[in-house]
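Here our numbering is used: the first residue of the sequence shown is 58, the next is one more, and so on. From the three backbone atoms N, C-alpha and C, an ideal C-beta is built for every residue, glycine too. As the structure is a prediction and not an experimental result, all values here were calculated from the model. For reference, the structure discussed in these notes is given below.
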Amino acid sequence: EDAGPDSTSHRGHDVRSEKKHHGYSDFIPKLAAWLDLVSKENAFDRLILVASPHTLGSIRAAVSKNIHARITAEVDKDMIRLPEKEIEDLLCDIVWF
58 EDAGPDSTSH
68 RGHDVRSEKK
78 HHGYSDFIPK
88 LAAWLDLVSK
98 ENAFDRLILV
108 ASPHTLGSIR
118 AAVSKNIHAR
128 ITAEVDKDMI
138 RLPEKEIEDL
148 LCDIVWF
């Protein structure tokens, strides 16, 4: 149900959530293009992806076969709000460098 013209919700649809996901939809193709560019410069030989499950799936779908071949691990966890030390500890438990 529409709560009015200034409402952020329309028929059960959250406009704020749509704007957030729209930002991801702009970011992910740019990330994929950047990864292709720097991989051609041999900036990395292995890649570990860390993102929320939904974002990780979007990244996976956007990157080239060349980048897929360099992905050695994926961590499907949203760590965006965690303190840096906690992220470091979690990644050390998951990934061995």
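| message | Based on DSSP bridge pairs, tell me the residues matched to L106. | response | Your numbering for residue 106 matches position 49 in the sequence shown. Answer by DSSP bridge pairing, in chain order: E131.
| query | Using the C-alpha atoms, what's the distance from I128 back to K87? | reply | For the purposes of this step, residue 87 is taken as the residue at position 30 of the sequence shown. For the purposes of this step, residue 128 is taken as the residue at position 71 of the sequence shown. Take the alpha-carbon of K87 and the one of I128: they are about 18 Å apart.
| Run through DSSP, which three-state label would S121 get? | On the sequence shown, residue 121 is found 64 positions in, with the first residue counted as 1. DSSP places S121 in the coil class of the three-state scheme, outside both helix and strand.
| field | Where the alpha helix (DSSP H) through I151 begins and ends | value | In the sequence shown, residue 151 corresponds to position 94, counting from 1. Residue range 141–151 is occupied by the alpha helix (DSSP H) that includes I151.
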